[in-house]
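Residue numbering for the sequence shown follows the UniProt record's numbering, beginning at 1 and increasing consecutively. Note that beta-carbon positions come from the ideal geometry of N, C-alpha and C, so glycine has one too. Beneath this line is the structure, given in structure tokens, with notes to follow.
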Amino acid sequence: MFIYNKVESISGLHEHDYYEFTIVLTGRYYQQINGKQVLLERGDFAFIPLGSNHQSFYEFGPTRILNVGISKAFFEQHYLDLLPTCFVASQVYKIKSEFLNFIESMVASLNFKNGEFNEFLEMVTFYAINRIRHHRESDIAPDVPVWLKETIEKMHDKTQFGDKALSTMVQHSGKSQEYLTRATQRHYGKTPMQIINEIRVDFAKKQLEITNYSITDIAYDSGYSSPSMFIKNFKKITTFTPKHYRKELFNNS
């Protein structure tokens with residue numbers, strides 16, 4: 001298991017003699033698997049089976065990923081029978097927020113004792129394989145309208161998720177706030193402000209990981225009008241306060 005803060009790929013197109021999956025903890029990036037390019041965002045993972053070729057493209061800035069590699073012998077002994085007989089390597093799978101929070105809390109502490117590290121890896125691997133096993137086309141939300149994809153894409157720009165982010169998002173959508181809210185809830189299960197706060201917190205996590213800026217400066221830089229509101233939303237999404245998140249990162253770096 002490796003945890004990377006990636007800004008560029010140094011391996012290029014390559015193939016492994018082991019099984020691998022990557023989970024996005026912070027940021028987003030493109031993964032090209034067997035010639036198909038897919039976008040992976042926070043909470044997404046891709047499974048790369050033996051014999052598949054892939055490469056990564058970090059076009060959106062620093063991205064923090066959890067990478068797990070499993071030997072052919074171990075995987076085939078413990079997990080192979082759990083995989084569906086037919087699945088597409090370039091499919092993007094989503095991790096439920098509760099389990100993602102659990103992964104982040106374990107990764108941030110890295111305080112494993114008496115075999116707990118192997119237990120954690122096996123648990124995460126089983127979860128990933130189980131998500132693949134039970135994946136159905138019906139699990140995929142209806143196709144997101146182009147206008148909504150473009151609106152959310154624009155909101156990732158740092159200049160757009162400031163103090164007036166909601167009105168900015170409504171303006172980008174070209175729809176009423178009520179229509180936009182219905183659309184985000186239907187396709188993402190979230191309100192526009194929930195999406196905005198996730199974008200802000202994702203940006204803040206990058207700042208905590210790669211800069212020594214103060215919590216207050218990061219709060220304002222992430223679009224919040226007060227540090228207290230920033231801390232509240234950060235903890236709600238990650239289960240950590242910003243200070244604790246940074247402390248655990250540096251304690252285990």
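Check: Burial state of serine 138 (16 or more Cβ within 10 Å); Outcome: Below a pLDDT of 50, predicted positions are generally treated as unreliable, and serine 138, at 45, falls in that range; the measurement from the model is reported next regardless. By the 10 Å Cβ count, serine 138 comes out exposed.
Check: When Gln31, Val24, Glu20 are compared against leucine 13, the one with the closest alpha-carbon; Outcome: Gln31
Check: Beta-carbon proximity of tyrosine 220 to arginine 200, cut-off 8 angstroms; Outcome: no
Check: Where the beta strand (DSSP E) containing residue 311 begins and where it ends; Outcome: No answer is possible for residue 311: it lies beyond the span of the chain, which begins at 1 and ends at 253.
Check: Straight-line Cα distance separating isoleucine 33 from aspartate 17; Outcome: 15 angstroms
Check: Under 8 angstroms between C-beta atoms of leucine 25 and glutamate 104; Outcome: yes
Check: Local Cβ density within 10 Å of asparagine 118, reported as buried at 16 or more and exposed below that; Outcome: exposed
Check: Cβ neighbour criterion (16 or more within 10 Å) applied to isoleucine 210; Outcome: exposed
Check: Boundaries of the alpha helix (DSSP H) in which glutamine 207 is found, first to last residue; Outcome: 192 to 210
Check: C-alpha gap between glutamate 15 and alanine 46, whole angstroms; Outcome: 15 angstroms
Check: Secondary structure of lysine 72, DSSP reduced to three states; Outcome: helix
Check: Residues near arginine 131 in its chain [Cβ-Cβ closer than 6 angstroms; skip 5 each side]; Outcome: Tyr93
Check: Euclidean distance between Cα positions of glutamate 198 and phenylalanine 57; Outcome: 22 angstroms
Check: Separation of leucine 82 from asparagine 67, as counted between CA atoms; Outcome: 20 angstroms
Check: N- and C-terminal bounds of the beta strand (DSSP E) containing serine 56; Outcome: 53 to 57
Check: Length of the line joining the Cα atoms of tyrosine 213 and phenylalanine 240; Outcome: 18 angstroms
Check: Contacting residues, own chain, Cβ-Cβ under 7 angstroms from arginine 133 (five flanking each side not counted); Outcome: Leu82, Leu83, Pro84
Check: Beta-ladder partner(s) of histidine 14, from DSSP; Outcome: His54
Check: Boundaries of the alpha helix (DSSP H) in which isoleucine 117 is found, first to last residue; Outcome: It should be pointed out that residue 117 corresponds to phenylalanine in this sequence rather than to isoleucine. First-last of the alpha helix (DSSP H) with phenylalanine 117: 116 to 133.
Check: Chain C within 8 angstroms of proline 145, Cβ atoms only; Outcome: In the structure shown, chain C does not exist; there is a single protein chain.
Check: Distance, glutamine 91 Cα to leucine 148 Cα; Outcome: 21 angstroms
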